[in-house]
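Number of protein chains: 2
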Amino acid sequence: MPSNFLFRIHPTSGVPIYRQLMDQVQAHVHAGRLPLDEMLPSVRQIAEELQINPMTVSKAYSLLERDGLIERVRGQGMRVKAAPKGLLPVKDRREKILPLLEQVAAKAFQLGLTRDQVIAALTPLFKERGAD
Amino acid sequence: MPSNFLFRIHPTSGVPIYRQLMDQVQAHVHAGRLPLDEMLPSVRQIAEELQINPMTVSKAYSLLERDGLIERVRGQGMRVKAAPKGLLPVKDRREKILPLLEQVAAKAFQLGLTRDQVIAALTPLFKERGAD
DNA sequence: TGCAGTGTATTAAGACTATAAGACACCGAT
DNA sequence: ATCGGTGTCTTATAGTCTTAATACACTGCA
Chain A
138 MPSNFLFRIH PTSGVPIYRQ LMDQVQAHVH AGRLPLDEML PSVRQIAEEL QINPMTVSKA
198 YSLLERDGLI ERVRGQGMRV KAAPKGLLPV KDRREKILPL LEQVAAKAFQ LGLTRDQVIA
258 ALTPLFKERG AD
Chain B
138 MPSNFLFRIH PTSGVPIYRQ LMDQVQAHVH AGRLPLDEML PSVRQIAEEL QINPMTVSKA
198 YSLLERDGLI ERVRGQGMRV KAAPKGLLPV KDRREKILPL LEQVAAKAFQ LGLTRDQVIA
258 ALTPLFKERG AD
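Line by line, the protein sequences are chains A and B. Read in order, the letters of the first sequence correspond to residues 138 to 269 in my numbering. Read in order, the letters of the second sequence correspond to residues 138 to 269 in my numbering.
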């Protein structure tokens with residue numbers, strides 16, 4: 138069993154709890170801490186650990202399932218799902234990430250970081266996955 | 138008057154508008170883009186520009202005044218009360234944008250977008266800010 | 001003195017977030 | 001079949017966020 142818990146809530150951030158959970162699941166999947174086909178902690182388990190309501194966790198899980206990142210296994214729980222790579226045209230996928238990129242550009246401007254500095258910081262976050 | 142507007146709202150971020158405004162005012166003050174004793178844009182001016190309610194801007198201003206960052210001048214508006222802090226080292230500024238970049242990388246991974254595709258989508262967003 | 005501009009108070013309404021307690025269908029194992 | 005586990009549905013309640021329309025005291029200026 139994993140010794141350290143995977144999730145944490147930042148109460149002062151202003152971001153809804155279910156959104157924070159979604160972001161962290163996504164990050165863990167990307168980082169490989171939640172491998173493919175791995176079962177996620179149960180809603181009651183996370184709710185107990187974070188002292189929040191199970192329905193809040195359920196809301197995060199449901200939206201992640203809608204996004205195709207995880208899947209529901211009846212009577213079992215939620216499982217990390219293989220990315221259905223390429224179902225959507227590139228243009229649509231780009232549109233989905235655009236709001237995030239706008240935040241990046243705004244924050245970079247705020248901090249006085251150039252485009253190249255941002256790219257330099259962003260590049261190592263992309264994992265090597267052999268040929269694309 | 139400055140040609141470029143100082144504030145921007147990200148509707149998809151989940152962060153309340155008044156919190157976004159507070160963060161941006163604070164960043165501008167710290168960076169010196171809003172110097173000491175400078176008058177801030179009026180609540181109605183910002184509300185018009187961002188297509189939001191004046192009371193939402195007022196809420197941000199009131200909380201910033203409570204924090205001592207700005208002060209109210211009756212009949213005039215809000216004035217910057219805090220001195221600009223020195224620009225942080227690049228390393229610290231990079232740290233501040235890192236969580237956002239991790240989110241970008243994770244989302245890109247989920248969508249099956251490569252590093253180059255992300256950069257291609259990000260670059261034009263920097264050009265809108267003028268030369269760096 | 002008017003007048004336009006400043007932030008703010010008020011009231012009302014709607015959407016969203018989170019909690020609580022209970023119930024359900026489903027699954028695996030005893 | 002029973003039991004404990006899974007996610008989810010339902011109902012209700014409370015709080016926050018945002019908008020809208022109106023009004024007020026205050027200030028600088030013509």
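Ideal Cβ positions, reconstructed from N, Cα and C, are used throughout, including at glycine.
Handout entry: Where the beta strand (DSSP E) containing M176 of chain B begins and where it ends
Key = Unbroken run through M176 of chain B: none, as it is neither H nor E.
Exercise for the section: Have a look at P221 of chain B and G205 of chain A and give me their C-alpha separation to the nearest angstrom. Expected result: 45 Å
Problem - Inside the region 173-259 of chain B only - alpha helix (DSSP H) runs reaching at least 4 residues - result: 180-187, 191-203 and 227-248
Problem - Neighbourhood of V194 of chain B by C-beta distance below 7 Å, restricted to the same chain and skipping five residues each side - result: L158, V180, I183 and A184
Practice task
Go ahead and pull the three-state DSSP assignment for P153 of chain B.
Solution key: coil
Handout entry: Backbone secondary structure at F263 of chain A - three-state DSSP
Key = coil
Practice task
Return no unless some Cβ of chain A is closer than 8 Å to the Cβ of Q240 of chain B.
Solution key: yes
Practice task
Closer than 8 Å by C-beta to N190 of chain B: which residues in its own chain qualify, once you throw out the five before and the five after it? Chain order, please.
Solution key: A184
Practice task
Measure the CB-CB distance between H147 of chain B and P261 of chain A and report whether it falls below 8 Å.
Solution key: no
Problem - Which of helix, strand or coil DSSP assigns to L158 of chain B - result: helix
Exercise for the section: Would you mind giving the Cβ-Cβ distance between E202 of chain A and R211 of chain A, rounded to the nearest angstrom? I have them listed as a contact below 8 Å. Expected result: Wrong, their Cβ atoms sit about 12 Å apart, outside the cutoff.
Exercise for the section: Flag this pair as yes or no: are the beta carbons of A197 of chain A and A243 of chain B separated by less than 8 Å? Expected result: no
Exercise for the section: Using a Cβ cut-off of 8 Å (strictly closer), state whether A243 of chain B contacts chain A. Expected result: yes
Exercise for the section: Output yes if chain A places a C-beta closer than 8 Å to the C-beta of V166 of chain B; else output no. Expected result: no
Practice task
Verify the CB distance criterion: does R145 of chain B have a CB-CB separation below 8 Å to chain A?
Solution key: yes
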